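Following: one structure in structure tokens, then a few remarks.
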Amino acid sequence: MKRLVVFIIFTSTFLGAQAQDTLPRRATYIGLDVINSLPSIIFPKNYYIRNAAIIEPYYLLDLKKPGRRLYLGAGFASGSTHQYADFDPSQTFRGGYFRAAYEVRRLRSTRRILYAGYGPIISIAGYEGTYRFQGPTFGDYEGRFRETNNVAVGVEGYFGFDFKLADNWLLRLTFRNVIGRRTNADTYVQYFPGFGYTPEGLNNQFLYSGGVSLQIHCKIR
Amino acid sequence: MKSLLPVILILSGISAQSCIDCGPQAELTARIDFYGDSLKFDSAYALSAVSQEVIRRQTDNFTPGSYFSISLPISLVSDTTTYIFRSGERIDTLSIYYRRIFRYKGGCGFIADALEPARGNRFYSTFSTTEVYYDPYVLSGKQPWTNAESGAGISIRIEP
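As you go down the protein sequences, you meet chains S and V in turn. When we follow our numbering, the leftmost residue of the first sequence carries the number 16, and every step to the right adds one. When we follow our numbering, the leftmost residue of the second sequence carries the number 143, and every step to the right adds one.
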């Protein structure tokens, strides 16, 4: 929680400093991730998460230095994972996260722009589920697991392409990798909001994930 | 060299999986060894059980001798299990106490284990001699790749 406060103060002072400087007119975009939750709704049986609502708004701000950009994102995810095995049951998760990044871009053509960036990510999530041991003689044992206010902090690196759809519209295809560490790792988490799927192992403490994100952005300034 | 890397990764993944002891991940059983001048048991059954089938299958084949061993399930819904043994007119009672552990273990998922109770009785018995040994059902650490062992669990030595 302390980390979150420091993070918010840091980003808000940064934004405040930018707002004061109005001399050059720099572009600002707001965007939304459009495909993140689709596979879980279209293929609930085959994808690793099911019926998940993932909403990720973004804010892009050109910095004073040419070709540099500040990238801010928030997110909310709620849904459940697949059951992997009898003793690796489905988990219902819910969480929110914030990310920020410093981005560098290179013009490849007038319609396609390559960019790369890195920055911190912080996520607060909870998840729960039940597991069952068959007891033919004395009856089944059903156990519940639940973790709330699980905080994960990490670093995200990404690269991708901007495609100019129209004058004010931007399509962003991002390939991202993220590593992080979380608190209270009593159980393995199959999906950590903001981080995504993490392979098992590494003491349940470390999160590592990679993925693709497709966003649509609209120029507001 | 590049093409070899995935193969090494997969092989190390397989060996890492096989070397972890997950325990039974089912209803646990206590091994009971009867020594000495053994009785001819007519039947054995467990209190507050929903089915005696697993026990009956073993007691049907009782053969009197100086030693025999049976594996009786212990309850996953209680920290104690009581068995009744009948031998003609004689009826014996054995209660064992333990501490159930359910937790998540990497590579296994959730596991079930039973350990020695933190305090209080370990057993109650009407047999002349009873000894209860507690070994974990789930061994910690890595198991050797060739000779992986599982935890012995609770074992009980009884002299009628």
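We put the beta carbon where it would ideally sit given N, CA and C, even for glycine. Since we're looking at a predicted model, the values are computed, not measured.
Name, in chain order, the residues that DSSP records as bridge partners for residue i.
| i | result |
| --- | --- |
| Pro-135/S | Val-170/S |
| Ser-224/S | Val-193/S |
| Ser-213/V | Arg-173/V |
| Ser-110/S | Note on identity: in this sequence residue 110/S is Gly, with Ser being the wrong assignment. Looking at the DSSP assignment, Gly-110/S forms a beta bridge with Ala-92/S and Ala-140/S. |
| Val-119/S | Arg-83/S and Ala-131/S |
| Tyr-156/S | Phe-148/S |
| Cys-164/V | Cys-164/V pairs with nothing; no bridge assigned. |
| Arg-228/V | Ser-185/V and Ile-233/V |
| Lys-234/S | Tyr-44/S |
| Tyr-74/S | Ile-45/S and Leu-87/S |
| Ile-238/V | Thr-223/V and Phe-265/V |
| Leu-229/S | Leu-188/S |
| Ile-57/S | According to DSSP, which records beta bridges pairwise, Ile-57/S is partnered with nothing at all. |
| Asp-103/S | Ala-100/S |
| Ile-69/S | Ala-92/S |
With a cut-off of 7 angstroms, does the C-beta of residue i fall near any C-beta of chain S?
| i | result |
| --- | --- |
| Leu-257/V | no |
| Ala-186/V | no |
| Phe-252/V | yes |
| Ala-191/V | yes |
| Phe-244/V | yes |
| Gln-167/V | yes |
| Val-219/V | yes |
| Val-196/V | yes |
| Pro-215/V | yes |
Is there a C-beta anywhere in chain V that falls below 7 angstroms from the one on residue i?
| i | result |
| --- | --- |
| Ala-100/S | yes |
| Asp-177/S | no |
| Tyr-146/S | yes |
| Gly-88/S | no |
| Pro-135/S | no |
| Asp-103/S | yes |
| Phe-153/S | yes |
| Gly-150/S | yes |
| Tyr-156/S | yes |
| Thr-198/S | no |
| Thr-237/S | Residue 237/S is absent from the model: chain S starts at 16 and stops at 236. |
Taking the C-alpha atoms as reference points, what is the distance between residue i and residue j?
| i | j | result |
| --- | --- | --- |
| Gly-295/V | Cys-161/V | 19 angstroms |
| Ile-64/S | Asp-201/S | 21 angstroms |
| Pro-286/V | Cys-164/V | 14 angstroms |
| Ile-303/V | Glu-273/V | In the structure as shown, chain V begins at 143 and stops at 302. Residue 303/V is therefore absent and cannot be evaluated. |
| Asp-103/S | Gly-249/V | 9 angstroms |
| Lys-80/S | Gly-211/S | 32 angstroms |
| Asn-61/S | Tyr-156/S | 29 angstroms |
| Pro-278/V | Ala-254/V | 10 angstroms |
| Gly-178/V | Phe-269/V | 12 angstroms |
| Glu-171/S | Arg-114/S | 8 angstroms |
| Glu-143/S | Gln-200/V | 39 angstroms |
| Ile-212/V | Gly-251/V | 29 angstroms |
| Asn-66/S | Gly-94/S | 6 angstroms |
| Ile-197/V | Gln-205/S | 39 angstroms |
| Leu-236/V | Ser-267/V | 4 angstroms |
| Pro-135/S | Leu-76/S | 17 angstroms |
| Thr-213/S | Ser-217/V | 35 angstroms |
| Val-168/S | Val-192/V | 48 angstroms |
| Ile-56/S | Ala-68/S | 9 angstroms |
| Leu-281/V | Arg-187/S | 50 angstroms |
| Glu-291/V | Leu-257/V | 18 angstroms |
| Val-166/S | Arg-264/V | 41 angstroms |
| Ser-52/S | Arg-147/S | 29 angstroms |
For residue i, verify whether its CB is less than 6 angstroms away from any heavy atom of the ligand PLP.
| i | result |
| --- | --- |
| Ala-191/V | As far as ligands go, the structure on display features none, and thus does not contain the ligand PLP. |
List, in chain order, every chain C residue whose beta-carbon is nearer than 7 angstroms to that of residue i.
| i | result |
| --- | --- |
| Asn-219/S | Chain labels in this structure do not include chain C; the protein chains are S and V. |
- Message: Ignoring anything shorter than 4 residues, give me the alpha helix (DSSP H) runs that lie fully in the region 246-300 of chain V, in order along the chain.
- Response: DSSP runs (the alpha helix (DSSP H)) wholly in the region 246-300 of chain V: none.
- Do the region 69-87 of chain S and the region 170-184 of chain V meet, that is, are 3 or more Cβ pairs less than 8 angstroms apart? By the Cβ test, the region 69-87 of chain S is not in contact with the region 170-184 of chain V, since fewer than three Cβ pairs between them sit closer than 8 angstroms.
- Query: Is the region 148-158 of chain S in contact with the region 106-117 of chain S, if contact means three or more CB pairs nearer than 8 angstroms?
  - Reply: At 8 angstroms Cβ cutoff, the stretches do not touch.
- Which ranges would you report for the beta strand (DSSP E) in the region 161-212 of chain S if only whole runs of at least 3 residues count? Qualifying beta strand (DSSP E) stretches, in chain order: 184-197.
- Message: I'd like to know if the region 221-230 of chain S and the region 186-197 of chain S are in contact, where contact means that at least 3 CB-CB pairs between them fall below 8 angstroms.
- Response: Yes, since at least three Cβ pairs between the region 221-230 of chain S and the region 186-197 of chain S fall closer than 8 angstroms, the two stretches touch.
- Count the C-beta pairs between the region 213-228 of chain V and the region 182-195 of chain V that are closer than 8 angstroms, then say yes if the count reaches three, no if not. These segments touch.
- Task: Mind the definition here: the region 166-178 of chain S touches the region 120-137 of chain S only if three or more C-beta pairs lie below 8 angstroms; say whether that holds.
- Result: When C-beta atoms of the region 166-178 of chain S are compared with those of the region 120-137 of chain S, three or more pairs fall below 8 angstroms, so the two segments count as touching.
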